[in-house]
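A short worksheet on the structure shown next.
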Amino acid sequence: MSDTILVVLEQREGKLNRVSWETLTAGQALAAETGWTLEAAVVGSGVANFANEVAAKKVAKVYAVESPKLEPYTPDAFSSALKQFIESKQPKLVLMPHTYQVRDFIPKLATAMGRTAISDCIAYKKDGGKLLFTRQMFQGKLAADVSFTCDAPWFVTFQNGAFRGDKAEAGASPAPVETVNVQIADGVIRNKPQEVFKEAKQAVDLTQAEIIVSVGRGIKEQKNIELAKQLAEALGGELAASRPICDSGWLPMDRQIGSSGQTVAPKLYLALGISGAIQHIVGMKGARTIIAINKDAEAPIFEISDYAVVGNLFDIVPPLIEEVKKAKAGS
Amino acid sequence: MKILVCMKQVPQKDAPLKLNESAAWIREDVSYEVNEPDAYALEEALRQKEKHGGEVVVITSGPPRAQQVLREALAKGADRAIHLEDNAFVGLDALNTARAFAAAIKDEAFDLIFTGLQSDDYGYAQTGVVLAELLGWPHATIIMHIEKSDSEIRVKRELEAGFFQFVDMPLPAVLTIQSGINKLRYATLIGIKQAKNKPLRKVALAEVQSAITGNLQKIERLYVPQKTKNTEFLKGSAGEVAKKLVDKLRNEVRVL
Numbered sequence: 071m072s073d074t075i076l077v078v079l080e081q082r083e084g085k086l087n088r089v090s091w092e093t094l095t096a097g098q099a100l101a102a103e104t105g106w107t108l109e110a111a112v113v114g115s116g117v118a119n120f121a122n123e124v125a126a127k128k129v130a131k132v133y134a135v136e137s138p139k140l141e142p143y144t145p146d147a148f149s150s151a152l153k154q155f156i157e158s159k160q161p162k163l164v165l166m167p168h169t170y171q172v173r174d175f176i177p178k179l180a181t182a183m184g185r186t187a188i189s190d191c192i193a194y195k196k197d198g199g200k201l202l203f204t205r206q207m208f209q210g211k212l213a214a215d216v217s218f219t220c221d222a223p224w225f226v227t228f229q230n231g232a233f234r235g236d237k238a239e240a241g242a243s244p245a246p247v248e249t250v251n252v253q254i255a256d257g258v259i260r261n262k263p264q265e266v267f268k269e270a271k272q273a274v275d276l277t278q279a280e281i282i283v284s285v286g287r288g289i290k291e292q293k294n295i296e297l298a299k300q301l302a303e304a305l306g307g308e309l310a311a312s313r314p315i316c317d318s319g320w321l322p323m324d325r326q327i328g329s330s331g332q333t334v335a336p337k338l339y340l341a342l343g344i345s346g347a348i349q350h351i352v353g354m355k356g357a358r359t360i361i362a363i364n365k366d367a368e369a370p371i372f373e374i375s376d377y378a379v380v381g382n383l384f385d386i387v388p389p390l391i392e393e394v395k396k397a398k399a400g401s
Numbered sequence: 176m177k178i179l180v181c182m183k184q185v186p187q188k189d190a191p192l193k194l195n196e197s198a199a200w201i202r203e204d205v206s207y208e209v210n211e212p213d214a215y216a217l218e219e220a221l222r223q224k225e226k227h228g229g230e231v232v233v234i235t236s237g238p239p240r241a242q243q244v245l246r247e248a249l250a251k252g253a254d255r256a257i258h259l260e261d262n263a264f265v266g267l268d269a270l271n272t273a274r275a276f277a278a279a280i281k282d283e284a285f286d287l288i289f290t291g292l293q294s295d296d297y298g299y300a301q302t303g304v305v306l307a308e309l310l311g312w313p314h315a316t317i318i319m320h321i322e323k324s325d326s327e328i329r330v331k332r333e334l335e336a337g338f339f340q341f342v343d344m345p346l347p348a349v350l351t352i353q354s355g356i357n358k359l360r361y362a363t364l365i366g367i368k369q370a371k372n373k374p375l376r377k378v379a380l381a382e383v384q385s386a387i388t389g390n391l392q393k394i395e396r397l398y399v400p401q402k403t404k405n406t407e408f409l410k411g412s413a414g415e416v417a418k419k420l421v422d423k424l425r426n427e428v429r430v431l
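One line per chain: the protein sequences are V and A, in this order. Quick note on my numbering: the first sequence kicks off at 71 and runs consecutively. Quick note on my numbering: the second sequence kicks off at 176 and runs consecutively.
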């Protein structure tokens, strides 16, 4: 009986969360590397359709882990259901995407099973016989290779964009799908979730912008945002910001780029005074070209930049606006 | 309402980090500050106390330097502090940190426990959720708003891409707090003075030793990340750099 890798995919609002395919790609790569068997699971109520969708991929088996109490999502129900399921199937490695929902229950599930989770990983390595999981630390300034020093099951979550969802290999024929009904006792679920909603009217859809000029804490004061606005206008792009700028109310929430804001992949992302914290990077690392201006030569944003300027944005942006206007005027 | 706020001291955001000799951790000769999400958690606790009365207790684990975080919290209005003081606490994983906290507060009766949603050094986002499981309490994460209603609370969970969700929960509960939930206050001079007289209880490692085990995971190696991108640094005066950038924008990026 081979060891198993179990990928738990996330479904929400009537469809499989796109990032789940990235985790499946990771699972396929790990299965190829280790020789272990890859299986997948979807958790919820009435999730057979999702399980069938996953079964089209290259995976040995897909489970629909079912209970009416799994809808809506609560950490109590998900933890209880997956604990039962994992105890019965005993996979060696359990993989999930590092979504807000997974963050809400995986530490509970791991603890309930006397285990641990290595979260927000960006890669894995094999070191001799040991599996190491790479994660960023200190807001991206350093990387760590982390190992498990306990028995399986081992829980790992992967960061958005760490693997390519479109690279998830299709199977030669549909994998078998099995429904597993789990029992969640009365009194287990303590939270009462209400409907999910979107807060403000989304005035701007940054995902459609080809050019984005984005500001971070380096902009220092609200009135300085005008400078970034002028650059965005000169380039014909949209203005965006990292979270702290929106938290301070200097720009509305729909201008926020990052894990809690919008994820964008424009032709050009120009980052002004943005250090490159992980929560921001996950929202823009897919941009075709990234240009960053920052005073700090060690800013993590430079690691993902195509062009980098270590300098004072207040010195550089004014002449940059002029040069852009000149270029556009056809000189 | 009796609220416990778990706080962590982390290297300052712009502190230059160097690896220690074994490359398993950083050299500790940097400047430290409070973990930013924890500052928001404290602020939220203080606001809840101002609205509903009660007590705010702050707790941290770490070497003597971590006391600074507690002192600042007391100066801002927390009522008392608990310091699990030992160098050894720095290397504990989330599970053992949570076990140590649970052991340190076993004789208390909190209504709410707040943590920041994650730490700026490890970034695991686990300690609060693990603590809830160890205590057998309900929890909710990435919280942007809290309202009290009798024996219950209604919290606003932040989801991805601008979505939110209200959740009703019984007390006691653990909440992990998101940055930006409120605006941080500054400690007043009076507050700083008063902080000196507020109770600060030290808990030695020996007192909680029986609650913790070895870590279930290990940092094998810490290193400067390998660059996968070929970053071109543009140098020169501001005017020169502006021209170089426009050159790139026109010829390489093709947006001009």
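Every residue gets a Cβ at the ideal spot worked out from N, C-alpha and C, and that includes glycine.
message: With H, G and I counted as helix, E and B as strand and the rest as coil, what does DSSP make of Met183 of chain V?
response: If you number the first sequence from 1, residue 183 of chain V lands on position 113. Note: Met183 of chain V maps to coil in three-state DSSP.
- prompt: For the beta strand (DSSP E) that Tyr377 of chain V lies in, which residues bound it at each end?
  reply: Position 307 of the first sequence, counting from 1, holds the residue named residue 377 of chain V. Here the beta strand (DSSP E) through Tyr377 of chain V covers 377-380.
task: Would you mind working out which of A:Ile387, A:Pro374, A:Lys183, A:Gly303 sits nearest Ala253 of chain A, comparing C-alpha positions?
output: For the purposes of this step, residue 253 of chain A is identified with residue 78 of the second sequence, where counting begins at 1. Among A:Ile387, A:Pro374, A:Lys183, A:Gly303, the Cα nearest to that of Ala253 of chain A belongs to A:Pro374.
field: Where the segment 354-375 of chain A meets chain V: residues whose CB sits under 9 Å from a CB there
entry: Ser354, Gly355, Ile356, Lys358
Inside the segment 207-257 of chain A only - beta strand (DSSP E) runs reaching at least 3 residues: 207-209, 230-237
field: For Asn119 of chain V, the first and last residue of its enclosing alpha helix (DSSP H)
entry: By one-based count along the first sequence, residue 119 of chain V stands at place 49. Start and end: 118-125.
task: Enumerate in chain order the residues of its own chain whose CB-to-CB distance from Ser330 of chain V is below 6 Å, with the five nearest sequence positions on each side excluded.
output: Within the first sequence, the letter at position 260 stands for residue 330 of chain V. Around Ser330 of chain V: no qualifying Cβ.
Cα-Cα separation, Gln154 of chain V to Gln264 of chain V: Looking up residue 154 of chain V in the first sequence gives position 84. Looking up residue 264 of chain V in the first sequence gives position 194. If you take the alpha carbons of Gln154 of chain V and Gln264 of chain V, they lie about 26 Å apart.
- prompt: Three-state secondary structure (DSSP) at Met166 of chain V?
  reply: As a working mapping, residue 166 of chain V is identified with position 96 in the first sequence. The answer is strand: DSSP assigns Met166 of chain V an E or B state.
query: Interface residues of chain V around Ala336 of chain A at Cβ under 7 Å?
result: Taking the first residue of the second sequence as 1, we reach residue 336 of chain A at position 161. Those are Gln332, listed as they occur along chain V.
query: What do you get for His258 of chain A, buried or exposed, if any count of 16 or more other CB atoms within 10 angstroms of its CB means buried?
result: The count along the second sequence starts at 1 and reaches residue 258 of chain A at position 83. Result: buried.
field: Pair within 7 Å by beta-carbon distance, Leu383 of chain V and Leu342 of chain V
entry: Stepping through the first sequence from its first residue, residue 383 of chain V is reached at position 313. Stepping through the first sequence from its first residue, residue 342 of chain V is reached at position 272. Going by C-beta atoms, Leu383 of chain V is nearer than 7 Å to Leu342 of chain V.
message: Give me the residue from A:Ala216, A:Glu208, A:Tyr398, A:Asp422 with the minimum Cα distance to Thr351 of chain A.
response: For the purposes of this step, residue 351 of chain A is identified with residue 176 of the second sequence, where counting begins at 1. Of A:Ala216, A:Glu208, A:Tyr398, A:Asp422, the residue nearest in Cα terms is A:Ala216.
Whole-angstrom distance between Glu308 of chain A and Gln301 of chain A, CA atom to CA atom: Here residue 301 of chain A refers to the residue found at position 126 when the second sequence is read from its first residue. Here residue 308 of chain A refers to the residue found at position 133 when the second sequence is read from its first residue. Rounded to the nearest angstrom, the two C-alpha atoms are 11 Å apart.
- request: Output yes if chain V places a C-beta closer than 7 Å to the C-beta of Thr406 of chain A; else output no.
  value: Taking the first residue of the second sequence as 1, we reach residue 406 of chain A at position 231. So yes, Thr406 of chain A belongs to the interface.
task: Look at the alpha carbon of Phe289 of chain A and the alpha carbon of Ile386 of chain V, and state the distance between them as a whole number of angstroms.
output: Here residue 289 of chain A corresponds to residue number 114 of the second sequence, with the count starting at 1. Here residue 386 of chain V corresponds to residue number 316 of the first sequence, with the count starting at 1. Their Cα atoms are separated by approximately 42 Å.
message: Alpha carbons only, please: which of A:Asp296, A:Pro313, A:Tyr297, A:Gly298 is nearest the one belonging to Val304 of chain A?
response: In the second sequence, counting from the first residue as 1, residue 304 of chain A sits at position 129. Nearest of A:Asp296, A:Pro313, A:Tyr297, A:Gly298 to Val304 of chain A, Cα basis: A:Pro313.
Interface residues of the segment 190-208 of chain A facing chain V [CB-CB below 8 Å]: Pro191, Leu192, Leu194, Ile201
query: Would you call the segment 275-289 of chain V and the segment 301-318 of chain V in contact, with 3 or more CB pairs under 8 Å?
result: yes
- request: Assign Cys316 of chain V to one of three DSSP states: helix, strand, or coil.
  value: For this step, residue 316 of chain V is matched to residue 246 along the first sequence. Looking at Cys316 of chain V - three-state DSSP - the assignment turns out to be helix.
query: By DSSP, does Lys281 of chain A sit in helix, in strand, or in coil?
result: For this step, residue 281 of chain A is matched to residue 106 along the second sequence. DSSP places Lys281 of chain A in coil when its eight states are reduced to three.
query: When burial is assigned at 16 or more other CB atoms within 10 Å of the CB, is Asn195 of chain A buried or exposed?
result: On the second sequence, residue 195 of chain A is found 20 positions in, with the first residue counted as 1. Exposed.
query: In this structure, does DSSP put Thr277 of chain V in helix, strand or coil?
result: Residue 277 of chain V sits at position 207 when you count from the first residue of the first sequence. If DSSP states are grouped into helix, strand and coil, Thr277 of chain V belongs with the helices.
- prompt: Since Gln369 of chain A is in the alpha helix (DSSP H), which residue starts that stretch and which ends it?
  reply: Translated into the one-based positions of the second sequence, residue 369 of chain A becomes position 194. From DSSP, the alpha helix (DSSP H) with Gln369 of chain A extends over 364-370.
- prompt: Using a Cβ-Cβ cut-off of 8 Å (strictly less than) and excluding sequence neighbours within five positions of Ala367 of chain V, which residues of its own chain qualify?
  reply: Your numbering for residue 367 of chain V matches position 297 in the first sequence. So the qualifying residues of the chain are Val380.
- prompt: Does any residue of chain V bring its CB to less than 7 Å from the CB of Tyr398 of chain A?
  reply: The sequence position of residue 398 of chain A within the second sequence is 223, counting from 1. Answer yes: the Cβ-Cβ gap between Tyr398 of chain A and chain V drops below 7 Å somewhere.
message: Between which two residues does the alpha helix (DSSP H) holding Trp91 of chain V run?
response: Translated into the one-based positions of the first sequence, residue 91 of chain V becomes position 21. Trp91 of chain V -> alpha helix (DSSP H) spans 89-104.
message: Could you check whether Val285 of chain V and Ile327 of chain V sit closer than 7 Å to each other, using their CB atoms as the reference points?
response: The residue given as residue 327 of chain V occupies position 257 in the first sequence. The residue given as residue 285 of chain V occupies position 215 in the first sequence. No; because the gap between Cβ atoms is not below 7 Å, this pair is not in contact.
Residue burial classification, Lys183 of chain A (beta-carbon count within 10 angstroms, cutoff 16): Here residue 183 of chain A refers to the residue found at position 8 when the second sequence is read from its first residue. Buried, by the Cβ-count rule.
- request: Determine the contact status of Lys85 of chain V and Ala238 of chain V, defining contact as a CB-CB distance below 7 Å.
  value: Mapped onto the first sequence, residue 85 of chain V falls at position 15. Mapped onto the first sequence, residue 238 of chain V falls at position 168. No.
- prompt: Of all Cβ atoms in chain V, is any one closer than 7 Å to the Cβ of Gly291 of chain A?
  reply: Here residue 291 of chain A corresponds to residue number 116 of the second sequence, with the count starting at 1. Not one chain V Cβ lies under 7 Å of Gly291 of chain A.
query: Who are Cys181 of chain A's beta bridge partners in DSSP?
result: As a working note, residue 181 of chain A is residue 6 in the second sequence. DSSP, once it has assigned bridges, lists A:Ile234, A:Thr290 as partnering Cys181 of chain A.
task: Work out the CA separation of Asp295 of chain A and Phe208 of chain V for me, nearest whole Å.
output: Here the question's residue 208 of chain V lines up with position 138 in the first sequence. Here the question's residue 295 of chain A lines up with position 120 in the second sequence. Looking at the two C-alpha atoms, the distance is approximately 6 Å.
- prompt: Based on Cα-Cα distance, which residue from V:Val172, V:Ile254, V:Lys159, V:Gly210 lies nearest to Pro223 of chain V?
  reply: Here residue 223 of chain V refers to the residue found at position 153 when the first sequence is read from its first residue. The option with the nearest alpha carbon to Pro223 of chain V is V:Lys159.
query: When Cβ atoms are compared, which residues of the segment 260-289 of chain V fall closer than 8 Å to chain A?
result: Arg260, Asn261, Lys262, Pro263, Gln264, Glu265, Val266, Phe267, Lys268, Glu269, Ala270, Gln272, Glu280, Ile281
query: Anyone know if the C-beta pair for Glu335 of chain A and Arg329 of chain A falls short of 7 Å?
result: Locating residue 335 of chain A in the second sequence gives position 160, where the first residue counts as 1. Locating residue 329 of chain A in the second sequence gives position 154, where the first residue counts as 1. Not a contact, by the Cβ cut-off of 7 Å.
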